[in-house]
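Okay, so here's the structure we're looking at.
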Amino acid sequence: MKYNPNEIEPRWQQYWAENQTFKAENNSDKEKYYVLDMFPYPSGAGLHVGHPLGYIASDIVARFKRHKGFNVLHPQGYDSFGLPAEQYAIQTGQHPAITTETNIKRYREQLDKIGFSFDWSREVRTSNPDYYKHTQWIFIQLFESWYNVESDKAESICSLIIKFEQEGNANVKAICDSDIEIFTAEQWKAFSPDEQQRILLKYRLTYLAETEVNWCPQLGTVLANDEIVNGVSERGGYPVIRKKMKQWSMRISAYAERLLQGLETIDWTESLKESQRNWIGKSVGASVRFSVISSEVEKSHQIEVFTTRPDTIFGVSFMTLAPEHDLVAQITTPEQKAAVEAYVEATAKRSERERMADVKTISGVFTGAYAEHPFTKEPVQIWIGDYVLAGYGTGAVMAVPAGDERDYAFAKHFGIEIKNIFDKDISEAAYTEKGGFTFVNSDFLNGLDYKTGTAKIIEELEKIGAGKSKVNYRLRDAVFSRQRYWGEPFPVYYVNGLPQMIDPKYLPIRLPEVEKYLPTEDGQPPLGNASVWAWDTVNNQVVENSKIDNKTIFPLELNTMPGWAGSSWYWMRYMDAHNDAEFASKEALDYWQNVDLYIGGSEHATGHLLYSRFWNKFLKDRGFAPTEEPFKKLINQGMILGMSAYIYRAKIEYLIKTQDNQTHRKTVIYNNYFPKNITDRINGNNNVLPTDISIDVKESVEEAVSNEIAKFENVVSYEYLIRFDPIRIDVSLLNLSDELDIERIKQWREEFKEAIFIKDDNDKFVVGREVEKMSKSFYNVVNPDDICNEYGADTLRLYEMFLGPMEQAKPWNTAGITGVFGFLKKLWRLYFDDNGLNVTNEEPTKEMYKSLHKTIKKVTDDIENFSFNTSVSQFMICVNELSQQKCHHRAILEPLAILISPYAPHIAEELWHQLGHNESIATAPFPIFDEKHLIESEKEYPVSFNGKMRFTINLPLDLSVAEIEKIVLADSRTQEQLQGREPKKVIIVPGKIINIVG
RNA sequence: GCUCGAGUGGUGGAAUUGGUAGACACGCAGGACUUAAAAUCCUGUGGGCAGUAAUGUCCGUGCGGGUUCAAUUCCCGCCUCGAGUACCA
150 MKYNPNEIEP RWQQYWAENQ TFKAENNSDK EKYYVLDMFP YPSGAGLHVG
200 HPLGYIASDI VARFKRHKGF NVLHPQGYDS FGLPAEQYAI QTGQHPAITT
250 ETNIKRYREQ LDKIGFSFDW SREVRTSNPD YYKHTQWIFI QLFESWYNVE
300 SDKAESICSL IIKFEQEGNA NVKAICDSDI EIFTAEQWKA FSPDEQQRIL
350 LKYRLTYLAE TEVNWCPQLG TVLANDEIVN GVSERGGYPV IRKKMKQWSM
400 RISAYAERLL QGLETIDWTE SLKESQRNWI GKSVGASVRF SVISSEVEKS
450 HQIEVFTTRP DTIFGVSFMT LAPEHDLVAQ ITTPEQKAAV EAYVEATAKR
500 SERERMADVK TISGVFTGAY AEHPFTKEPV QIWIGDYVLA GYGTGAVMAV
550 PAGDERDYAF AKHFGIEIKN IFDKDISEAA YTEKGGFTFV NSDFLNGLDY
600 KTGTAKIIEE LEKIGAGKSK VNYRLRDAVF SRQRYWGEPF PVYYVNGLPQ
650 MIDPKYLPIR LPEVEKYLPT EDGQPPLGNA SVWAWDTVNN QVVENSKIDN
700 KTIFPLELNT MPGWAGSSWY WMRYMDAHND AEFASKEALD YWQNVDLYIG
750 GSEHATGHLL YSRFWNKFLK DRGFAPTEEP FKKLINQGMI LGMSAYIYRA
800 KIEYLIKTQD NQTHRKTVIY NNYFPKNITD RINGNNNVLP TDISIDVKES
850 VEEAVSNEIA KFENVVSYEY LIRFDPIRID VSLLNLSDEL DIERIKQWRE
900 EFKEAIFIKD DNDKFVVGRE VEKMSKSFYN VVNPDDICNE YGADTLRLYE
950 MFLGPMEQAK PWNTAGITGV FGFLKKLWRL YFDDNGLNVT NEEPTKEMYK
1000 SLHKTIKKVT DDIENFSFNT SVSQFMICVN ELSQQKCHHR AILEPLAILI
1050 SPYAPHIAEE LWHQLGHNES IATAPFPIFD EKHLIESEKE YPVSFNGKMR
1100 FTINLPLDLS VAEIEKIVLA DSRTQEQLQG REPKKVIIVP GKIINIVG
């Protein structure tokens, strides 16, 4: 019987599906284990071999844990809202739901072929109304909550209203908007309901506010900070500009400190935690207020700055405001007005990218206004400059050229005074170290150092009421509105321009149908095209827009939620995927708690993984989530890169001189293609072909040249230069030795039909290979289906693991796959010969037990350390040894099948049943390692001389050090090495090594 | 610029409480079986030098130092590559 994966794999996939082998139970006495993959966005391109890498790893862990007796939750689903389906809808008019459905079908087929042990009964899709109903519900909860700094958690907005009614807001400690006016309980009660709502909006955890946003004109939508890469949109690479818009925002800044502290409690890679720490960007310093000096007393302004170096305050020689700062217009003097306005306008026009591109250019304008130094009372010039960012701190800085490089450069550039406050030379550059100096010219700070000076200045600032110590975070509140169609609609309608939440019992608010998926002509988001998109507050349903009367029927929100909304809580939905009443029942949440192992790409470090932690903490505060952190352990899978294939199109650059003294330059591109090895030899050879080039090539080049020359009359002289243009071709046109199939390439694309392919001396056409990202446009995509069809899913799974460590990026090279395929065939032959099953019940030898138990130990350790590549090696070693030992013993082969089952489940299941079992191997207990099979009585000692290994000697392990020394020194090989010298020292580590120094 | 990670044969990679560098696999070379091919199996395979050979010997884990009986592993100083981030006050 031969190993035939195409026969056995579909059979077991069907068996698992029919028997619901991997269905997880919510009520179980077993210990739970939750292993999760980052769910995919179902794109039209389908899966390539890079996608399943993480899924295979998590599947190995899931299957292993089942063998170890855990109740395993291993679900899968789709993050199915998103831009590509919508862009496709704009181009073709096809509803994104249809595109999504088609793509999901294809994904599912591909996933099924690989034999994952997913519990598909819990599948989720973020674009399904029965899913996004709960996303909308969570949004409402955020709206109905505020962050109480005193209890350090989110609370119901009701508790805030009670405080307002009892004592006003003077003593409320909340994370809220900065422009809060103080009111008393009486004033609160006197406010109109609308006014009260407007105030509450400043406290809610999701709030509607006029904010400066990243607007992407080409995409027609705003983007969050993490959706912008290098100043352009992550999707499409379009420019992004700053724009003020009324948008929903998420008050993630309320959780900055907890998001930071929580990192200490979870088992994530250091680099990932570091990314989150940088993104949160905590810095400790002080906020300081400067008063603007003004002739009009009643109009005095204060500028608040944040600084990490309050100790350098006596070095302040000017202040800089961001051009967007609110006070700019108010403080600018009439003389400077024109210059300032021109600068502000010029800055606003520049895209984020442009601003980033020339960080070295120093620019700014004096406002004409002055502020008063809080201690020296000296006037300080107020400038604006785009090196100060509106979005960080207060959008204003106190400039200390002596201690800050940018302030130094700005002062030098504009000829502003530089005050030295350090006992250091600053004639060349600012002194930016926090230490190694003493203060001078700093009044009461003179003689102090960084630490004592900082403490002293904060004390003094507080004393005069000009400032206090402050912690600042880089983390901004996250914009939550998108001007898109294919996303969750907000459960929000507007009364008098104020947002109202729809009662949760009427959820979901379904996405309306629209004629067109583009923004409306008057610039409204796509939902502005919907004709049935108004909320009837009497009948509690969505009705035609024409019925809007603003008495009982009101307009609905036109924005939709961003891509990260649905993915910020989905792991909890898997716990109870069909619950209609709640996102998950209390019992399910209490049982499953959180994700034990989460596997996915590192590109989600600052987006998905931060938002998910934020929502989880919020839901925990409000009693809806069971734990503070959603993902206990997280590992990143590295990207699998493609190996692009190149052929080389010949072109010849001619330089021809004719009798009329004219020089003709001409480049002719030939429809001839060369293999890599020939181009390496001739590329750029001027006029001379290498002597070892084949006659055919030589003749064809010479012919081409003479044909070209013949086109000119009276040629005096000519030169030519052969060059090659690398052209990517589809990797499926190659065999395993990188040889091109010339017949097939001619059919692949029209341009190659008549082309000439020049073979090398061995009559072969070997292409060039380059490592690049795997992408359809590079023709280097390797499809997992093709691998499954040719070698089987088990081979694919093993090979992906064998490629190298999980976290590492690595190129895919199909050539190596024969190794693991051969291994599976060899494994099969331990169980079968030509006549069928060949298994004996005889007692195995010691050696066989040793091979088995070595493998049990290694594989168990490896899975626990996520070192899957080394397990595959160990399987190979084991099977090689057992083959050598002619092992066909049930007592070995039965546990071996279980050992391999997490990695190669189909063959393991087949072997298991062939051995006479009727139940699935899936929950068979994992073999237990027994040390006794590994105990040795002898050791092959390496004997080193001065650290260099010279020979080995086989000695019993129970010898004493003295006995070993005696035997080794007596050995003739030792005497030969020493050549009569006396050994100075003999180091013997029993069971390890012998080293002789001399 | 800053932060993090990584540099080992022709290739992917293995080995770290310091203890036989190159496991396992690909590729390559040779051989067996076969009319032949495929498949399968066996042998060899880091480099240099010496030797018919067995073998011996030197070099060798990015570079230069150091600690140690012993360093891919620890320490110091560099170089290169990759990832993230960037006027963060």
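Sequential numbering from 150 applies to the first sequence in the numbering used here.
Glycine included, each C-beta is placed from N, C-alpha and C at the ideal position.
Owing to the predicted nature of the structure, the values given are computational and were not obtained by experimental measurement.
Counting only unbroken stretches of 3 or more residues, the beta strand (DSSP E) elements lying wholly within the stretch 762 to 837 are 780 to 785, 789 to 807, 812 to 823, in sequence order.
The Cβ-Cβ distance between residue 360 and residue 288 does not fall below 8 Å.
By the neighbour-count criterion, in which a residue is buried when 16 or more other Cβ atoms sit within 10 angstroms of its Cβ, residue 936 is buried.
A distance below 8 Å between beta-carbons, with the five flanking residues on each side excluded, links residue 786 to the following residues of its chain, in chain order: 202, 203, 206, 748, 749, 750, 955, 956.
Under the DSSP assignment, residue 1094 falls in the beta strand (DSSP E) whose first and last residues are 1087 to 1094. Distances from the CA of residue 494 to each of 473, 708, 764, 482 were compared; the closest alpha carbon is that of 473.
The DSSP assignment places 616 to 622, 641 to 644 as complete runs of the beta strand (DSSP E) inside the stretch 571 to 648, in order along the chain (cut-off: 3 residues). In the three-state DSSP reduction, residue 1025 falls in the helix class (H, G or I).
Residue 1053 has its alpha-carbon roughly 7 Å from the corresponding atom of residue 946. With contacts defined by Cβ atoms closer than 8 Å, residue 588 and residue 580 do not form a contacting pair. In the DSSP secondary-structure assignment, residue 417 is not bridged to any residue. Taking C-alpha positions only, residue 913 is separated from residue 843 by approximately 13 Å. In the structure shown, residue 1073 falls within a coil segment according to DSSP collapsed to helix, strand and coil. For residue 852, DSSP assigns no beta-bridge partner whatsoever. For residue 991, no beta strand (DSSP E) run applies, since DSSP gives it neither H nor E. Minimum Cα-Cα distance from residue 179 among the listed residues 220, 556, 160 corresponds to 220. Between the stretch 600 to 620 and the stretch 668 to 677 there are fewer than three C-beta pairs closer than 8 Å, too few to call the two in contact. When 228, 550, 332 are compared, the shortest CA-CA separation from residue 465 is found for 550. Under the three-state reduction of DSSP, residue 654 is assigned to helix. Assignment of residue 1061 by DSSP, reduced to helix, strand and coil, places it in the helix class.
DSSP lists 748 as the bridge partner or partners of residue 186. A Cβ-Cβ contact shorter than 8 Å links residue 1024 with residue 972. Within the stretch 339 to 405, the complete beta strand (DSSP E) segments at least 3 residues long are 355 to 365, 370 to 372, 390 to 399, listed from N- to C-terminus. Counting along the chain, residue 297 sits inside the beta strand (DSSP E) bounded by residues 294 to 297. Each residue's CA atom was taken as its position, placing residue 426 and residue 961 some 33 Å apart. When DSSP states are grouped into helix, strand and coil, residue 663 belongs to the coil group. Distance between residue 943 and residue 917, taken at the CA atoms: about 30 Å. Taking each of 186, 183, 198, 1043 in turn and checking the Cα distance to residue 790, the smallest one comes out for 198. In this structure, residue 334 lies away from residue 467, with their beta-carbon atoms at least 8 Å apart.
Remark: C-beta atoms of residue 874 and residue 798 approach each other more closely than 8 Å. Collapsing the DSSP output to three states places residue 156 in a helix.
Residue 1028 sits away from residue 950, with the two beta carbons spaced by 8 Å or more.
Taking the CA atoms as reference points, residue 543 sits about 9 Å from residue 471. Residue 916 sits in coil when the DSSP states are folded into three classes, being neither helix nor strand. For residue 1135, the enclosing beta strand (DSSP E) starts and ends at 1134 to 1138.
The beta carbons of residue 477 and residue 516 sit closer together than 8 Å.
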